[in-house]
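Participant: Protein chains in written order, with the numbering used here: chain A, 3 to 352; chain B, 3 to 352; chain C, 3 to 352; chain D, 3 to 352.
4 protein chains.
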Amino acid sequence: MTSKPIRAIVVGGTGYTGAELVRLILGHPSLELVSIVGNKTAGQSLASVLPSLRGIVDGTVQPFEPDAIAERADVAFCALPHAASAEAVSALRQRGQTVFDLSADFRLDDLAVYEAWYGKHPVPELLSEAVYGLVELHREELEGADLIAVPGCYPTASTLALAPLVNNGLIRPEGIVVDAKSGVSGAGRGLSAATHFPETAEGVRAYKAGAHRHGPEIEQELSRLAGAPIQIAFVPHLIPMTRGILATCYAQPSGSKVTAAACLEAARALYAGSPSVQVLEEGAHPDTLWVRGSNRVHVGYAQDRSSGTLIAMSAIDNLVKGASGQAIQCLNVRFGLPEGAGLEAPAQWP
Amino acid sequence: MTSKPIRAIVVGGTGYTGAELVRLILGHPSLELVSIVGNKTAGQSLASVLPSLRGIVDGTVQPFEPDAIAERADVAFCALPHAASAEAVSALRQRGQTVFDLSADFRLDDLAVYEAWYGKHPVPELLSEAVYGLVELHREELEGADLIAVPGCYPTASTLALAPLVNNGLIRPEGIVVDAKSGVSGAGRGLSAATHFPETAEGVRAYKAGAHRHGPEIEQELSRLAGAPIQIAFVPHLIPMTRGILATCYAQPSGSKVTAAACLEAARALYAGSPSVQVLEEGAHPDTLWVRGSNRVHVGYAQDRSSGTLIAMSAIDNLVKGASGQAIQCLNVRFGLPEGAGLEAPAQWP
Amino acid sequence: MTSKPIRAIVVGGTGYTGAELVRLILGHPSLELVSIVGNKTAGQSLASVLPSLRGIVDGTVQPFEPDAIAERADVAFCALPHAASAEAVSALRQRGQTVFDLSADFRLDDLAVYEAWYGKHPVPELLSEAVYGLVELHREELEGADLIAVPGCYPTASTLALAPLVNNGLIRPEGIVVDAKSGVSGAGRGLSAATHFPETAEGVRAYKAGAHRHGPEIEQELSRLAGAPIQIAFVPHLIPMTRGILATCYAQPSGSKVTAAACLEAARALYAGSPSVQVLEEGAHPDTLWVRGSNRVHVGYAQDRSSGTLIAMSAIDNLVKGASGQAIQCLNVRFGLPEGAGLEAPAQWP
Amino acid sequence: MTSKPIRAIVVGGTGYTGAELVRLILGHPSLELVSIVGNKTAGQSLASVLPSLRGIVDGTVQPFEPDAIAERADVAFCALPHAASAEAVSALRQRGQTVFDLSADFRLDDLAVYEAWYGKHPVPELLSEAVYGLVELHREELEGADLIAVPGCYPTASTLALAPLVNNGLIRPEGIVVDAKSGVSGAGRGLSAATHFPETAEGVRAYKAGAHRHGPEIEQELSRLAGAPIQIAFVPHLIPMTRGILATCYAQPSGSKVTAAACLEAARALYAGSPSVQVLEEGAHPDTLWVRGSNRVHVGYAQDRSSGTLIAMSAIDNLVKGASGQAIQCLNVRFGLPEGAGLEAPAQWP
């Protein structure tokens with residue numbers, strides 16, 4: 003690289019998405035990692051908080067000091083819990099910094115919807131500035147953006163599977179079902195009985211069935227594509243594996259001639275210029291195993307033999323395309339870099 | 003027990019369901035294990051084929067000899083692949099033996115449907131004799147039966163979740179979706195890339211989406227309950243765990259007053275006398291972890307906040323309530339024993 | 003059963019070993035479960051604390067009230083953390099109750115050793131009364147005992163593998179190594195980063211290498227058998243599975259004629275009348291998979307081709323033979339019941 | 003990079019180590035992937051054989067044609083089974099190509115030892131040409147080498163843990179024990195009951211205890227360092243996880259003043275210039291989780307409190323530092339590139 007690197011900082015860098023951001027920044031040809039910020043672990047050596055960085059990144063976790071960040075970095079990635087993230091983003095935006103926010107705080111256009119699901123928004127005035135960073139569907143808006151709301155993991159997988167169908171009017175707007183299966187890393191580094199190994203390793207269960215916060219985010223995107231409100235059923239499940247989301251989506255065809263082949267064709271057309279999305283051949287089933295560790299999305303389509311219901315499936319790594327990789331992809335588009343820069347690596351298989 | 007025990011034989015006893023039958027028979031107060039039959043391993047010591055039986059069951063695996071079986075045993079459990087099972091069942095029925103068949107061979111009433119999914123049926127004339135052994139819905143028919151078709155694992159979980167809703171007209175017959183998640187033991191002891199540890203442990207994927215043989219079996223039962231044909235969408239998934247099936251079923255309420263509470267009430271009424279089924283309280287999510295190793299079914303109901311879609315969930319152990327335990331439960335009803343005899347044990351948790 | 007059942011109570015019944023005690027008591031022909039005591043969850047319904055008991059055991063978790071316990075029960079199982087357990091045991095012993103204590107409080111004969119590893123002992127005066135409940139080596143002492151110290155999980159697996167060798171002078175007392183691998187349930191129901199699914203599922207690591215509390219317990223038993231002090235190296239490891247301990251033990255043969263065959267012979271002789279121990283044939287490797295859920299121990303022996311080092315291996319289920327099953331086995335011996343009563347079930351495989 | 007890239011070919015590229023080589027070559031600044039060779043799958047599209055490469059590497063798997071390879075590539079990586087690999091290596095060496103062989107065929111100096119463990123060697127005359135590619139211990143020899151025998155996974159982990167102790171005379175040569183734990187990917191892509199998910203996921207067992215082919219390889223390296231023959235006890239175990247090896251090694255200190263601190267000091271000195279090896283602080287336990295997907299080795303040392311036995315532990319990713327990453331590391335040294343080129347990435351955690 004002859005040009006000056008973009009200096010990047012990771013706020014909330016010692017959780018799973020933060021660590022994944024660090025890994026991706028280190029491997030990116032145009033980025034330079036300036037520092038890792040984490041309030042709880044500030045002052046501790048990186049090698050002790052993230053032993054995977056031993057011998058790779060020296061130094062300590064830094065406290066959150068917006069002035070110092072604005073001075074030393076060109077962009078910030080915020081990987082904090084919602085509400086806390088909005089506060090940090092606001093401080094950084096006041097100092098003119100471009101921010102990629104991985105929380106839910108700036109994903110929903112409608113403040114009322116946000117507050118119904120997440121509680122009071124700390125800085126509602128920033129909502130209008132934010133661009134929703136599902137790159138494949140918002141590429142152009144991202145080009146000038148300075149506050150990018152990186153989509154949730156479930157919405158990424160679900161929306162990319164359904165978008166070609168909604169976009170092309172292949173399915174009826176009523177009765178859409180999204181049944182999503184997530185690895186446990188999606189729940190983060192916080193401890194709970196539901197993520198305690200012996201109570202997770204040999205069980206599968208839904209959680210927040212029909213009442214998960216990512217539901218309205220999926221609906222927002224599908225409604226935008228449809229040009230009319232769409233309400234879906236959304237049920238996430240916890241699967242005994244670490245990484246990966248599989249979204250299995252069900253919808254009724256809008257006409258008797260709509261088949262899986264038509265879905266595949268629509269998907270291939272929509273994702274023609276998208277390096278991250280691979281449309282599998284008919285009959286193939288996306289598998290999180292084959293995208294693990296990569297920024298890839300594998301989508302596939304089938305039709306139920308008996309009822310004719312269309313089945314749209316997509317597999318992602320929740321920490322990469324579902325979070326940190328997508329943030330980098332947003333950055334690439336924002337700064338005019340090749341969309342896949344630093345994201346070319348195939349899955350680490352098996 | 004003062005009465006004479008029922009002498010039982012397990013044909014196909016060295017696969018997963020066979021081994022589980024052996025375990026349950028050994029613990030049953032009214033059953034005596036006569037022998038274990040397995041053609042491939044005939045002549046080998048049980049301790050070498052199933053090391054879990056070392057010091058518990060002596061002797062060798064026996065070849066399939068119908069005369070000897072009919073003489074020595076009162077009942078036979080057949081845990082063979084389809085078609086092979088029908089042949090064995092036929093031989094045993096000709097000798098007057100009561101048979102509990104765990105294959106798919108006698109589950110479908112309609113020969114045409116069977117042959118569309120499984121190929122030519124070896125003994126179609128026996129179909130009319132068979133009783134479908136989903137105990138909770140066929141208790142009375144089982145009482146006099148001599149050929150019991152033990153239901154498939156997916157149909158058990160799915161039908162029990164949906165039955166109260168169909169039975170009470172709470173849902174519309176169109177647009178029903180069954181998204182099922184199964185542990186890998188459901189695929190049996192045969193080796194395949196899809197069950198090779200490194201390609202299974204950290205991935206989740208659908209298989210035979212919309213085209214799995216258990217679909218028509220679920221439809222048969224739901225149609226019977228509805229009194230009219232029902233066509234569903236059915237997609238099974240392979241989950242990186244050994245045992246357990248979670249069925250997440252989606253349906254549209256038949257009227258605006260149908261809620262999760264109504265579903266719970268219908269389920270509690272339908273399963274009032276059923277020791278194997280537990281209806282969880284509103285808001286609870288069935289989890290395969292809590293039924294692992296037991297013959298229990300945990301069912302729960304929710305309603306999607308946004309779309310109003312009803313969500314019916316059930317968790318079973320695929321090898322117990324989904325196969326061997328249910329076979330024992332059928333036997334209990336058939337012989338007038340308490341329905342839960344030998345099946346009382348709670349899950350082996352964690 | 004015509005005789006009156008032994009009324010049993012489980013103190014600390016909502017952890018893993020407690021739940022396993024409940025499962026085993028429910029299936030035992032001579033035991034009656036009186037109640038489940040747990041201070042933290044006292045007053046909550048059993049079905050909510052342990053959903054596996056729904057429809058099986060009604061009622062609520064009881065507070066610890068020694069007078070009520072002594073009145074209602076004949077025996078108590080204590081499955082509490084160390085020190086807390088000693089207090090509870092003391093209160094119950096004062097009321098004359100026979101107690102099976104699953105904590106470490108009464109396992110070590112030497113108070114100084116106890117206090118070096120666990121801190122101050124609350125009731126050292128009870129130490130002399132306790133019998134160490136490794137049934138295969140202490141059968142006779144158990145017959146009259148009223149305070150039984152149920153051995154630790156690692157000491158059970160390790161001691162049973164090495165006992166025949168030490169007992170018969172087949173190995174040199176110096177240089178013994180015990181490398182043990184445990185499933186995560188051994189760490190209990192308490193949450194920690196080391197048992198958080200995403201940080202456990204795909205990693206293996208030693209912990210407390212050379213400094214684990216079970217080391218002195220193993221040494222106590224081996225020294226007793228040897229008639230002279232034995233000091234070993236002991237390193238436990240956490241394995242990404244829920245249940246099971248595999249102990250791989252290494253020792254130098256005491257003479258050039260000592261082979262794996264001699265070890266097998268010694269083990270077969272020592273365990274001839276022990277229903278829980280199975281000595282595998284030469285060349286076989288014990289596997290926790292085949293004992294999971296059962297009270298069995300599989301032991302095997304090999305000799306390193308190059309160095310001649312003897313390798314003694316044993317596999318148990320840490321929650322059964324390593325805790326709750328062994329407690330029941332102690333009770334059987336204490337009350338003159340068949341040693342394997344209620345413990346006959348084979349492993350729940352797979 | 004301004005200089006011409008080194009053109010690389012992967013022979014046996016559709017197994018686990020082959021796929022990992024492809025991933026690492028694609029991310030290496032000085033390498034160009036020319037083609038992927040695999041006899042069984044020759045002619046099939048890469049996207050179908052390795053779906054992780056969809057949209058990343060086009061084309062088909064190539065047959066093994068040594069002339070074409072020699073013409074098109076500068077170096078070849080052979081990831082074939084032993085014996086088959088020697089044949090391929092021989093064909094490529096005859097054409098003057100530099101070969102990195104990941105099989106066992108050229109690792110053992112002594113033909114008799116090779117043939118005792120692996121059978122007849124196809125091209126024994128090549129043995130003297132081969133350099134053992136454990137970079138940290140053979141850096142200088144690698145510089146001019148054209149046939150590099152990439153070490154086995156277990157020998158890499160074990161030797162690196164023990165080398166500083168042997169090298170500095172800190173331990174006695176007798177009584178060394180290596181207890182190694184490996185993820186299932188070490189067994190390769192071939193199917194077997196021992197790697198079938200339901201029979202692997204919840205069990206841990208040793209295999210080939212005291213009789214595994216990697217034993218003599220470890221002994222060769224330790225003997226070389228000691229300047230005298232060393233015979234060890236070596237027992238590998240299969241762990242229910244996909245990637246990673248943890249080697250726990252036990253040895254007696256050579257004198258009473260040898261402590262864990264002395265081991266750490268020796269390790270820090272030996273690995274001072276080695277970018278792949280990280281020596282953890284005293285009391286820390288290497289964990290495969292923290293090196294997963296990286297070319298890093300974490301080593302740590304402890305001393306047993308009771309017996310004084312020294313405990314040397316190391317964690318690697320068996321497919322990276324234990325195979326493909328180490329092959330790349332060898333190439334870097336061979337071609338005068340920075341040793342860590344293309345291998346800088348931290349572990350993909352969690």
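Ideal Cβ placement from N, Cα and C applies to all residues, glycine included.
For chain A, find out if any of its Cβ atoms is closer than 8 Å to the Cβ of C:LEU52; answer yes or no.
Facilitator: It does not: the Cβ of C:LEU52 has no partner Cβ on chain A nearer than 8 Å.
Participant: Taking C-alpha atoms, which residue in D:THR19, D:SER54, D:ILE11 lies nearest to A:GLU346?
Facilitator: Of the candidates D:THR19, D:SER54, D:ILE11, the one whose C-alpha sits nearest the C-alpha of A:GLU346 is D:SER54.
Participant: Report the option in C:ASP289, C:PRO218, C:LEU82 whose CA atom is closest to the CA atom of C:GLY40.
Facilitator: Of the listed residues, the one whose Cα sits closest to C:GLY40 is C:LEU82.
Participant: In the structure shown, what three-state DSSP assignment does C:SER5 receive?
Facilitator: In this structure, C:SER5 counts as coil in the three-state DSSP scheme.
Participant: For B:ASP69, count neighbouring Cβ atoms within 10 angstroms of its own Cβ and tell me buried if that reaches 16, exposed if not.
Facilitator: Exposed.
Participant: Going by alpha carbons, who is nearest to C:PRO231 out of C:HIS198, C:VAL168, C:ALA208?
Facilitator: Ranking C:HIS198, C:VAL168, C:ALA208 by Cα distance to C:PRO231 puts C:VAL168 first.
Participant: Assuming the contact rule is C-beta atoms closer than 8 Å, D:THR244 and D:VAL186 should be a hit. Round their C-beta distance to whole Å, please.
Facilitator: Confirmed, about 6 Å.
Participant: Taking just the CA atoms, how far does D:ARG294 sit from D:GLU145?
Facilitator: Cα-Cα distance, rounded: 28 Å.
Participant: Just verifying my parser: in three-state terms, what is the DSSP assignment at C:ARG74?
Facilitator: Correct three-state label for C:ARG74: helix.
Participant: At a CB-CB cut-off below 8 Å, which residues of chain C make contact with D:LYS183?
Facilitator: Neighbours of D:LYS183 on chain C, chain order: LYS183, VAL206, HIS239, ILE241.
Participant: When you check each C-beta in the region 220-239 of chain B against every C-beta of chain A, which residues fall closer than 8 Å?
Facilitator: Answer in chain order: GLU221, GLN233, ILE234, ALA235, PHE236, VAL237, HIS239.
Participant: Across which residues does DSSP place C:VAL13 in a beta bridge pair?
Facilitator: BP columns for C:VAL13 point to C:VAL39, C:CYS80.
Participant: By the three-class DSSP mapping on this structure, what secondary structure does D:GLN64 have?
Facilitator: D:GLN64 falls in the strand class under three-state DSSP.
Participant: For C:HIS239, which of helix, strand or coil comes out of DSSP?
Facilitator: Note: C:HIS239 maps to strand in three-state DSSP.
Participant: Strictly below 7 Å CB to CB, what residues from chain A border D:SER32?
Facilitator: In chain order: nothing, as chain A lies at least about 15 Å away.
Participant: Taking 8 Å as the threshold (C-beta atoms), are C:LEU240 and C:ALA203 in contact?
Facilitator: No; because the gap between Cβ atoms is not below 8 Å, this pair is not in contact.
Participant: I need the straight-line Cα distance from C:ILE38 to D:TRP292, nearest angstrom please.
Facilitator: Distance between the alpha carbons of C:ILE38 and D:TRP292 is about 41 Å.
Participant: From D:ASN320 to A:GLN350, what does the alpha carbon distance come to, in whole angstroms?
Facilitator: For D:ASN320 and A:GLN350, the distance between alpha carbons rounds to 13 Å.
Participant: Ends of the beta strand (DSSP E) at A:GLY212?
Facilitator: Here A:GLY212 belongs to no beta strand (DSSP E), and DSSP marks it neither H nor E.
Participant: Quick check on C:ALA6: buried or exposed, where buried means 16 or more other Cβ atoms within 10 Å of its Cβ?
Facilitator: Reading off the sequence shown, one finds Lys at residue 6 of chain C, where the question assumed Ala. By the 10 Å Cβ count, C:LYS6 comes out exposed.
Participant: D:TYR156 versus chain B: which residues are under 9 Å apart at the beta carbon?
Facilitator: The contacting residues do not exist; D:TYR156 stays about 17 Å from chain B at best.
Participant: Report buried or exposed for D:GLU127, applying the criterion of at least 16 other Cβ atoms within 10 angstroms of its Cβ.
Facilitator: So D:GLU127 counts as exposed.
Participant: Measure from the C-beta of A:PRO200 to each C-beta in chain C and report whether the shortest distance is under 8 Å.
Facilitator: Closer than 8 Å to some Cβ of chain C, the Cβ of A:PRO200 qualifies, so yes.
Participant: Identify the contact partners of A:GLN305 in chain B, using a Cβ-Cβ distance below 7 Å as the criterion.
Facilitator: GLY212, listed in chain order.
Participant: Using 8 Å as the cut-off, can you tell me whether the region 69-79 of chain B makes contact with the region 91-107 of chain B, which would need three or more C-beta pairs spanning the two stretches below that distance?
Facilitator: Counting Cβ pairs under 8 Å, three or more are found: they touch.
Participant: At a threshold of 7 Å, does B:VAL299 count as lining the ligand NAD (C-beta to nearest heavy atom)?
Facilitator: By its list of ligands, the structure shown contains no ligand whatsoever, and the ligand NAD lies outside what it can speak to.
Participant: Thinking C-alpha only, which one of B:ILE8, B:ARG97, B:PRO242 is nearest B:ALA208?
Facilitator: Closest option to B:ALA208, Cα to Cα, is B:PRO242.
Participant: Is there at least one Cβ from chain D nearer than 8 Å to B:VAL186's Cβ?
Facilitator: For B:VAL186, the answer is yes, since a Cβ of chain D falls inside 8 Å of its Cβ.
Participant: Which of helix, strand or coil does DSSP assign to A:VAL335?
Facilitator: Note: A:VAL335 maps to helix in three-state DSSP.
Participant: Since D:ARG270 meets chain A, which of its residues come closer than 8 Å, beta carbon to beta carbon?
Facilitator: Under the 8 Å cutoff, chain A gives no residues; its nearest Cβ is about 12 Å from D:ARG270.
Participant: Is any beta-carbon of chain A found at less than 8 Å from that of C:TYR209?
Facilitator: Taking Cβ atoms only, chain A never reaches closer than 8 Å to C:TYR209, which makes this a no.
Participant: Using the beta-carbon of each residue, which ones in chain G are nearer than 9 Å to D:ARG56?
Facilitator: Although the question refers to chain G, the structure presented lacks it and instead comprises the protein chains A, B, C and D.
Participant: For B:TYR134, which beta-bridge partners are listed by DSSP?
Facilitator: Note: B:TYR134 sits in a beta bridge opposite B:ALA151.
Participant: In whole angstroms, what is the alpha-carbon distance linking C:TRP119 and C:ARG215?
Facilitator: If I take the Cα positions, the gap works out to 6 Å.
Participant: Looking at the unbroken beta strand (DSSP E) that takes in C:SER184, where does it start and where does it end?
Facilitator: Residues 179-184.
Participant: Drop a sphere of 10 angstroms on the beta-carbon of B:PRO340, count the other beta-carbons inside from all chains shown, and report buried for 16 or more, exposed for fewer.
Facilitator: It counts as exposed.
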